[in-house]
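Under the numbering used here, the letters of the sequence shown match residues 34 to 421, in that order. Even for Gly, the Cβ is constructed at its ideal location relative to N, Cα and C. A short write-up of the structure that comes next.
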Amino acid sequence: MTVRLHWFLPTGGDGRTLVDRHAYTDGGVTRSRVTPVSGVRPPDIDYLAQIAKAAEHLGFEAVLTPTGTWCEDAWLTTAALAQYTERLKFLVAFRPGVISPVLAAQMAATYQRVTRGRLLLNVVTGGDGTEQRRFGDHLGHDERYGRTDEFLAVVRGAWTGKPYDFDGRHYQVEGGLTALPPDPLPEVFFGGSSPAAGPVAARHADVYLTWGEPPAQVKEKIDWIRGLAEREGRTVRFGIRLHSISRDSSAEAWRTARALLDELDADTVAAAQEALGRSESVGQQRMLALHGGSRDQLEISPNLWAGVGLVRGGAGTALVGSHAEVADRIEDYHALGVDHFILSGYPHLEEAYWFGEGVMPELAARGLFERPGKGGAGGAPLLVAGGR
Numbered sequence: 034m035t036v037r038l039h040w041f042l043p044t045g046g047d048g049r050t051l052v053d054r055h056a057y058t059d060g061g062v063t064r065s066r067v068t069p070v071s072g073v074r075p076p077d078i079d080y081l082a083q084i085a086k087a088a089e090h091l092g093f094e095a096v097l098t099p100t101g102t103w104c105e106d107a108w109l110t111t112a113a114l115a116q117y118t119e120r121l122k123f124l125v126a127f128r129p130g131v132i133s134p135v136l137a138a139q140m141a142a143t144y145q146r147v148t149r150g151r152l153l154l155n156v157v158t159g160g161d162g163t164e165q166r167r168f169g170d171h172l173g174h175d176e177r178y179g180r181t182d183e184f185l186a187v188v189r190g191a192w193t194g195k196p197y198d199f200d201g202r203h204y205q206v207e208g209g210l211t212a213l214p215p216d217p218l219p220e221v222f223f224g225g226s227s228p229a230a231g232p233v234a235a236r237h238a239d240v241y242l243t244w245g246e247p248p249a250q251v252k253e254k255i256d257w258i259r260g261l262a263e264r265e266g267r268t269v270r271f272g273i274r275l276h277s278i279s280r281d282s283s284a285e286a287w288r289t290a291r292a293l294l295d296e297l298d299a300d301t302v303a304a305a306q307e308a309l310g311r312s313e314s315v316g317q318q319r320m321l322a323l324h325g326g327s328r329d330q331l332e333i334s335p336n337l338w339a340g341v342g343l344v345r346g347g348a349g350t351a352l353v354g355s356h357a358e359v360a361d362r363i364e365d366y367h368a369l370g371v372d373h374f375i376l377s378g379y380p381h382l383e384e385a386y387w388f389g390e391g392v393m394p395e396l397a398a399r400g401l402f403e404r405p406g407k408g409g410a411g412g413a414p415l416l417v418a419g420g421r
């Protein structure tokens, strides 16, 4: 089986630096703790369209969008970008705690028709209590996963095209339906590393998504979710979220990686680690444990670099090396059972070309990648549940 390659759409802004101008300032409202840096690119529609067009041209299947206070709304932004592209799919992120599942089902069905099947939904359970409360959600961590469990059940029920009743702890629905269901029905991706997340993945996920941990830890997750799914009588496939720094030589790639840290002083890293350490997300805590806040030994596995996670939340690791080396590591993860690779880099426009013109040909030569067909969406749309 070939790998499925996706890129990232930086709707919170982009640039030539790892510094996240929001994540570790005073709640993102003031910037008293971190000096603003140069080279930040605002996420205006013209720049995002450049990235979307590049991703489509290079052969990526889809682009993932984030969700949260510091991002542009994913639904509106990607609906606009669909007019600039023909084949590219969009992984639209949203939180189940702030929208009705029946309304979400209706929005997804409409989006599919408007874009001719190019929608992917990124259902983000949420691991940051502060961020959740900002949107009016006051449930605890495990309760949020329980709600996502019900949410996905209701969405599927509403997609049957027949009145659907549901009586749960979080949702009570009478006669919910989507008059014109999406056809074909979307697949479900889901991410979460906590004990509360596993059973939800086993019941609902077609593809379980993990952040870029070393292969041995990824294998443990795969075995865990696979076992839970088997007890549910289901089969789950797997995806991984990583950054990429690929160059013509390994030395050049590592110089690029080290240069990303040049602007990060100790106070900046400490402020970021303090903020990220408050996250309730088990996946985020696993990311932090890979480097412990230290710049020492950031290559935590061959060609797997944890430097991104020093200052940025979510996916904190990058594949770093020559095009062949990055392809080697993708092949390693694929051998464990990972099919979907959701990648990104700083800046996203330039790094898309480095990967698309360097690594994709390597993977194609090994029979691991086929460029998606042109002219139309090409295949079934996807529903993705998981975080950045």
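For Trp-40, the enclosing beta strand (DSSP E) has its first and last residue at 37–41. Here Gln-205 carries a strand assignment [DSSP, helix/strand/coil]. The DSSP assignment places 270–280, 332–334 as complete runs of the beta strand (DSSP E) inside the segment 260–341, in order along the chain (cut-off: 3 residues). Sorting Gly-272, Glu-403, Ala-82 by C-alpha distance to the C-alpha of Glu-246 places Gly-272 at the top. When secondary structure is reduced to three states using DSSP, Leu-97 falls in the strand class.
With respect to Phe-374, His-90 sits apart: the two C-beta atoms are not nearer than 8 angstroms. Counting of Cβ neighbours within 10 angstroms places His-171 among the exposed residues, the total staying below 16.
The continuous stretches of alpha helix (DSSP H) do not include Tyr-241, which lies in the beta strand (DSSP E) extending over residues 240–244. Rounded to whole angstroms, the gap between the alpha carbons of Gly-173 and Asp-182 is 14 angstroms. Where Lys-122 is concerned, the enclosing beta strand (DSSP E) starts and stops at 122–127.
Beta-bridge partners assigned by DSSP to Tyr-197: Gly-209.
For Ser-377, the CB contacts under 6 angstroms within the same chain, skipping 5 residues up- and downstream, are Phe-41, His-276 in chain order. In terms of Cβ geometry, Ala-339 and Thr-350 form a close pair [threshold 8 angstroms]. For the options Leu-81, Gly-194, Ala-238, Glu-119, the alpha carbon positioned closest to that of Glu-94 is the one of Glu-119. Between the alpha carbons of Leu-124 and Arg-362 lies a distance of about 24 angstroms. In the DSSP annotation of this structure, Phe-402 is not part of any alpha helix (DSSP H), being labelled neither H nor E.
By the C-beta density criterion, Ala-238 is buried, having at least 16 other C-beta atoms within 10 angstroms. Sorting Leu-152, Val-147, Tyr-144, Asp-175 by C-alpha distance to the C-alpha of Gly-159 places Asp-175 at the top. In the three-state reduction of the DSSP assignment, Leu-154 falls in the strand class, which pools E and B.
The closest CA to that of Tyr-386, considering only Arg-37, Gly-45, Thr-50, Gln-83, is found on Gln-83. Per DSSP, reduced to three states, the secondary structure at Val-187 is helical. Taking all protein chains shown into account, Val-96 has 16 or more neighbouring C-beta atoms within 10 Å of its C-beta and is therefore buried. Rounded to whole angstroms, Asn-155 and Gly-46 show a C-alpha spacing of 19 angstroms.
Annotation: Arg-128 to Arg-274 spans about 19 angstroms, alpha carbon to alpha carbon.
For the 8 angstroms CB-CB criterion, Glu-358 and Arg-399 do not form a contact. Counting C-beta atoms within 10 angstroms of its own C-beta, Glu-395 has 16 or more neighbours from the protein chains shown and is therefore classed as buried. Asp-182 sits in a helix when the DSSP states are folded into three classes. Across the structure, Gln-317 and Gly-224 are spaced so that their CA atoms are roughly 12 angstroms apart.
Taking 8 angstroms as the cut-off, the Cβ atoms of Thr-243 and Lys-252 do not count as close. Membership of Ala-234 in the alpha helix (DSSP H) is indicated by the continuous run 230–237. When the beta-carbon positions are compared, Asp-372 and Val-36 come within less than 8 angstroms of each other.
Straight-line spacing of the CA atoms in Leu-152 and Gln-145 works out to 6 angstroms. As the crow flies, the alpha-carbon of Gln-330 is around 24 angstroms from that of Ser-226. Rounded to whole angstroms, the gap between the alpha carbons of Val-240 and Ala-112 is 24 angstroms. In this structure, Tyr-204 is the residue among Glu-307, Tyr-204, Glu-313 with its C-alpha nearest to the C-alpha of Gly-190. Bounds of the alpha helix (DSSP H) holding His-90 are 78–91.
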